[in-house]
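Accompanying notes for the structure given below.
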């Protein structure tokens, strides 16, 4: 199945992921998707849990896809928010490791790419939606804090 030419999507951006500035390139990504007829809602995270909250908002407001501009931690938070829904997840790799994007075959930043996020956006727009397994772990103990279940 492919993403439709007219769809509602949310882009969740983690500004502290990775080591490079990506805001200007995200403007190009949004313009590219809007040029395809997509309605793009932009959300920027400010702290832990924001990406999960925004992903849940995307589900309840009828988005067909959520795109994440961030690293693997942000991708994990969004997966928590989308768990159990039919909303597609796409990654614009803007983190340090970008393991999830690499495993999914999404172009990642390299010295050879002038516009890595735009390259990834094009692959996501033209690609197919695939179902993947979603794991769940928890509770997770972090020193004196314990977090509930997480998806991966």
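Residue numbers (the working numbering): 15 to 166. Idealized CB from N, CA, C, for every residue including glycine.
{"Asked": "Backbone CA spacing between residue 117 and residue 103 [nearest angstrom]", "Found": "14 Å"}
{"Asked": "Close beta carbons around residue 48, own chain, < 8 Å, minus the five adjacent residues each side", "Found": "54"}
{"Asked": "Residue 23 versus 35, 70, 52, 96, residue with shortest Cα-Cα distance", "Found": "52"}
{"Asked": "Range of the contiguous alpha helix (DSSP H) that encloses residue 140", "Found": "130-140"}
{"Asked": "Boundaries of the alpha helix (DSSP H) in which residue 87 is found, first to last residue", "Found": "86-96"}
{"Asked": "Nearest to residue 95 (by Cα), restricted to the options 108, 107, 81, 106", "Found": "81"}
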